[in-house]
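See below for the structure under consideration.
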Ligand SMILES: Cc1cc2nc3c(=O)[nH]c(=O)nc-3n(C[C@H](O)[C@H](O)[C@H](O)COP(=O)(O)OP(=O)(O)OC[C@H]3O[C@@H](n4cnc5c(N)ncnc54)[C@H](O)[C@@H]3O)c2cc1C
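In our numbering, the protein residues as written are 8 to 491.
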């Protein structure tokens with residue numbers, strides 16, 4: 008198709024889209040396109056500086072399921088690529104276009120449809136932010152069971168479509184999948200399917216959760232919620248070794264009297280970068296309990312008893328409170344301490360966090376960039392580990408050195424039967440290399456629902472990068488950083 012033909016087709020598309028969606032919710036403005044095509048990381052911006060396919064041609068904001076359905080059908084009619092985007096906080100280009108086309112910005116879909124305080128159920132649009140949902144549920148004395156610490160901006164559908172396995176509430180109530188009752192889903196041809204636990208249609212919860220939008224749009228979500236509790240307490244202890252900190256972390260995580268509402272383990276560098284002051288010991292375990300007063304008190308007593316048995320140093324209350332107040336900003340604050348934050352996230356099982364850390368510490372001795380290590384407890388035996396590298400944009404040797412170190416850690420994660428926490432466009436080549444069985448299953452469904460691969464393409468089943476190429480590039484980067 009020539010440039011003129013493409014432009015003419017897009018004009019026709021936009022005109023016809025205007026018959027479905029109010030025209031002020033459709034834009035081709037280059038500034039909006041640039042802003043919405045990217046995400047919180049600098050990566051998509053880096054890509055679309057060189058490749059226009061990372062920029063959308065049109066952005067639209069549907070207001071309800073029917074509008075989404077019509078938009079999807081229209082995009083298919085025109086064979087236009089579609090990218091589904093919520094708040095774009097999951098990074099890794101997961102909500103950025105890879106072939107231009109249309110971005111469906113979900114954030115106009117932000118209504119609560121039904122709150123059932125007796126059955127403890129809420130039904131809402133998928134584009135609602137967690138903070139808005141939390142505020143809406145307050146009046147009914149309810150709260151979501153789990154949500155990411157990015158809750159101030161991220162959306163319900165974004166958490167369902169990404170991992171949804173670790174965040175606030177996950178260690179206590181489980182993952183987002185455990186809370187789902189039904190999902191109203193719009194497939195690439197525009198047809199709508201209601202998915203429940205016993206679904207007999209094309210899709211199950213397993214297909215939709217952590218799908219990165221590759222099969223279509225989560226339009227509405229019905230999920231179980233919890234009653235508001237009356238008592239919140241925090242505990243925090245410093246440890247001299249990672250092993251001691253991890254032992255304590257697992258003891259708290261496994262205590263069935265009252266599971267923590269939030270639980271993390273961080274190294275001193277993380278605390279130093281995220282807060283003005285810091286605990287004195289190299290490792291810090293932080294737990295928040297939220298329940299009825301007697302249960303909270305029992306859990307806190309258990310934490311104190313366990314800490315007294317080992318060499319743990321109590322951290323002052325004001326620091327624990329400050330940390331909770333800052334919880335939504337912590338990971339961002341860390342990124343603000345440099346002009347080029349780089350990070351990678353891993354899903355590591357309880358039993359293998361120690362090995363993962365040992366390899367990290369060992370590899371880390373070869374590098375001298377500013378780093379930080381952060382573990383967040385997830386559902387069951389899951390943990391989200393986030394590695395940070397604070398780099399200088401002018402120092403490309405350092406930037407690629409950090410990426411090379413993360414590459415080593417990613418191979419380690421798969422070698423020990425774990426995986427990346429967030430796949431996204433940029434991490435998909437790891438998935439192709441290490442999870443061929445999952446790739447084959449996803450591919451079969453993808454071909455069935457989206458034969459032309461127009462919707463959220465290049466996630467999970469097809470990569471822009473080849474593993475061997477990246478492996479070689481990072482080998483060179485590591486050599487240049489550590490040897491030369
Ligand atoms: C400060 C900070 C803290 C974070 N804390 C956590 C945490 O505690 N736990 C955690 O798991 N993650 C965390 N994250 C990562 C991220 O915030 C979460 O994954 C979040 O759920 C993403 O939501 P979002 O609305 O930003 O989705 P986006 O990033 O916009 O989208 C994520 C993926 O889902 C797809 N998608 C979005 N909406 C839909 C939909 N309605 N239908 C179909 N596909 C869709 C997108 O195409 C994309 O592939 C954090 C990130 C930051 C920056």
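Glycine included, every Cβ here is placed at the ideal spot set by N, Cα and C.
Residue i Cβ short of 6 Å to ligand 1 heavy atom set
i, result
"residue 113", "yes"
"residue 96", "yes"
"residue 67", "no"
"residue 170", "yes"
"residue 105", "no"
"residue 155", "yes"
"residue 162", "yes"
"residue 133", "yes"
"residue 44", "no"
"residue 390", "no"
"residue 334", "no"
"residue 224", "yes"
"residue 91", "yes"
"residue 198", "no"
"residue 463", "yes"
"residue 143", "no"
"residue 102", "yes"
"residue 166", "yes"
"residue 339", "yes"
"residue 219", "yes"
"residue 173", "yes"
According to DSSP, residues forming a beta bridge with residue i
i, result
"residue 201", "191"
"residue 347", "398"
"residue 427", "353"
"residue 162", "136"
"residue 240", "296"
"residue 320", "245"
"residue 33", "67"
"residue 393", "352, 381"
"residue 175", "154"
"residue 462", "89"
Where the beta strand (DSSP E) through residue i begins and ends
i, result
"residue 120", "119-123"
"residue 151", "149-151"
"residue 130", "128-132"
"residue 492", "Shown here, the chain extends from 8 to 491; a query on residue 492 therefore has no answer."
"residue 67", "65-67"
"residue 112", "109-112"
"residue 269", "269-274"
"residue 233", "224-234"
"residue 91", "89-92"
"residue 297", "290-298"
"residue 381", "377-384"
Contact set for residue i: own chain, Cβ-Cβ below 7 Å, skip 5 residues either direction
i, result
"residue 244", "255, 292, 314, 319, 320, 321, 322"
"residue 237", "299, 300"
"residue 179", "266, 267, 268"
"residue 130", "120, 121, 227, 229"
Own chain residues within Cβ distance below 6 Å of residue i, not counting five before or after
i, result
"residue 302", "265"
"residue 351", "394, 413"
"residue 349", "396, 398, 409"
"residue 100", "50, 51, 431, 432, 433"
"residue 438", "430, 467"
"residue 197", "76, 79, 80"
Residue range of the alpha helix (DSSP H) that includes residue i
i, result
"residue 18", "10-24"
"residue 99", "Premise fails: residue 99 is in no alpha helix (DSSP H) and is neither H nor E."
"residue 363", "360-371"
"residue 326", "324-332"
"residue 42", "37-44"
"residue 477", "474-489"
"residue 443", "443-456"
"residue 78", "72-84"
Close Cβ partners of residue i (< 8 Å) along its chain, the five nearest in sequence each way excluded
i, result
"residue 108", "63, 64, 65, 82, 87, 88, 89, 90, 461"
"residue 59", "107"
"residue 425", "353, 354, 355, 356, 359, 363"
"residue 141", "150, 151, 154, 158"
"residue 526", "Nothing can be reported for residue 526, as the shown portion of the chain is limited to 8 through 491."
"residue 7", "Given a span of 8 to 491 for the chain in the structure shown, any question on residue 7 remains unanswerable."
"residue 374", "408, 409, 412, 488, 489"
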